[in-house]
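Here's the structure we're looking at; comments come further down.
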Amino acid sequence: MNDARLHEVAREELAFLWDDLHDAQCSAAGDQWSMACDRLVERIKALTQLVGPTPWDEVQIPLLVNGVYQRIHDELGIPVTVDMDRVARA
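Just so you know, we're using my numbering here: the sequence shown kicks off at 3 and counts up by one.
So this is what it looks like as C-alpha coordinates:
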(Lines of atoms letter the chains of each structure in order from A and count residues from 1; the text may use other names and numbers.)
(Lines give C-alpha, C1' and ligand atoms only; values in the text may rest on other atoms or scores of the structure.)
Protein backbone atom coordinates (compact mmCIF):
# COMPACT_ATOMS: atom_id res chain seq x y z
CA MET A 1 0.00 0.00 0.00
CA ASN A 2 1.45 3.38 -0.94
CA ASP A 3 1.67 6.34 1.43
CA ALA A 4 -1.10 8.31 -0.29
CA ARG A 5 -3.53 5.38 0.00
CA LEU A 6 -2.56 4.80 3.63
CA HIS A 7 -3.20 8.49 4.39
CA GLU A 8 -6.58 8.31 2.64
CA VAL A 9 -7.62 5.23 4.61
CA ALA A 10 -6.54 6.84 7.89
CA ARG A 11 -8.58 10.00 7.09
CA GLU A 12 -11.64 7.85 6.31
CA GLU A 13 -11.20 5.94 9.56
CA LEU A 14 -10.92 9.21 11.46
CA ALA A 15 -14.23 10.39 9.99
CA PHE A 16 -15.83 7.09 11.04
CA LEU A 17 -14.45 7.54 14.56
CA TRP A 18 -16.19 10.93 14.85
CA ASP A 19 -19.44 9.20 13.82
CA ASP A 20 -18.80 6.49 16.39
CA LEU A 21 -18.12 9.09 19.09
CA HIS A 22 -21.41 10.81 18.36
CA ASP A 23 -23.24 7.46 18.49
CA ALA A 24 -21.49 6.51 21.74
CA GLN A 25 -22.43 9.79 23.39
CA CYS A 26 -26.05 9.42 22.27
CA SER A 27 -26.10 5.87 23.65
CA ALA A 28 -24.61 6.82 27.01
CA ALA A 29 -26.90 7.27 29.98
CA GLY A 30 -28.48 10.70 29.74
CA ASP A 31 -26.57 11.44 26.52
CA GLN A 32 -23.56 12.22 28.68
CA TRP A 33 -20.13 10.61 28.46
CA SER A 34 -18.98 7.04 28.85
CA MET A 35 -15.83 4.95 28.89
CA ALA A 36 -16.60 4.08 25.26
CA CYS A 37 -16.43 7.80 24.47
CA ASP A 38 -13.06 8.04 26.21
CA ARG A 39 -11.68 5.14 24.16
CA LEU A 40 -12.90 6.71 20.92
CA VAL A 41 -11.36 10.07 21.84
CA GLU A 42 -7.97 8.40 22.31
CA ARG A 43 -8.24 6.81 18.86
CA ILE A 44 -9.35 10.14 17.34
CA LYS A 45 -6.37 11.87 18.93
CA ALA A 46 -3.92 9.26 17.65
CA LEU A 47 -5.14 9.48 14.06
CA THR A 48 -5.50 13.27 14.15
CA GLN A 49 -1.84 13.55 15.07
CA LEU A 50 -0.99 11.47 12.00
CA VAL A 51 -3.30 12.96 9.36
CA GLY A 52 -4.49 16.28 10.76
CA PRO A 53 -7.93 17.36 11.90
CA THR A 54 -11.17 16.32 10.29
CA PRO A 55 -12.80 19.47 8.90
CA TRP A 56 -15.41 20.74 11.36
CA ASP A 57 -18.17 20.62 8.73
CA GLU A 58 -17.72 16.84 8.51
CA VAL A 59 -18.35 16.37 12.25
CA GLN A 60 -21.77 15.92 13.85
CA ILE A 61 -23.32 19.18 15.03
CA PRO A 62 -23.77 18.14 18.67
CA LEU A 63 -20.01 17.52 18.96
CA LEU A 64 -19.42 21.08 17.76
CA VAL A 65 -22.12 22.70 19.90
CA ASN A 66 -20.97 21.00 23.10
CA GLY A 67 -17.34 21.82 22.31
CA VAL A 68 -16.02 18.25 22.15
CA TYR A 69 -14.44 18.78 18.72
CA GLN A 70 -12.75 21.98 19.86
CA ARG A 71 -11.60 20.50 23.20
CA ILE A 72 -10.00 17.45 21.59
CA HIS A 73 -7.99 19.60 19.20
CA ASP A 74 -7.09 22.04 21.96
CA GLU A 75 -5.71 19.15 24.03
CA LEU A 76 -3.58 18.18 21.02
CA GLY A 77 -2.39 21.74 20.51
CA ILE A 78 -3.99 21.82 17.05
CA PRO A 79 -5.84 25.06 16.35
CA VAL A 80 -9.28 24.67 14.79
CA THR A 81 -11.90 27.27 14.09
CA VAL A 82 -15.57 26.38 13.91
CA ASP A 83 -18.00 28.74 12.18
CA MET A 84 -20.66 28.64 14.89
CA ASP A 85 -22.96 30.85 12.78
CA ARG A 86 -23.04 28.13 10.12
CA VAL A 87 -23.48 25.50 12.81
CA ALA A 88 -26.47 27.41 14.21
CA ARG A 89 -28.06 27.61 10.77
CA ALA A 90 -27.68 23.86 10.20
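The beta carbon of each residue, even a glycine, is placed where N, CA and C say it ideally should be.
All of these numbers come straight from a predicted model, not from anything done at the bench.
- Secondary structure at Gln-72: helix, using DSSP grouped into helix, strand and coil.
- Under the 10 Å beta carbon count, Pro-55 is surrounded by 16 or more other beta carbons and is classified as buried.
- Asp-76 and Gly-69 have their C-alpha atoms roughly 10 angstroms apart.
- Listed in chain order, the non-local C-beta contacts of Leu-66 below 8 angstroms within the same chain comprise Trp-58, Gln-72, Val-84, Met-86, Val-89, local neighbours out to five positions each way being set aside.
- Judged by DSSP in its simplified three-state form, Ile-46 adopts helix.
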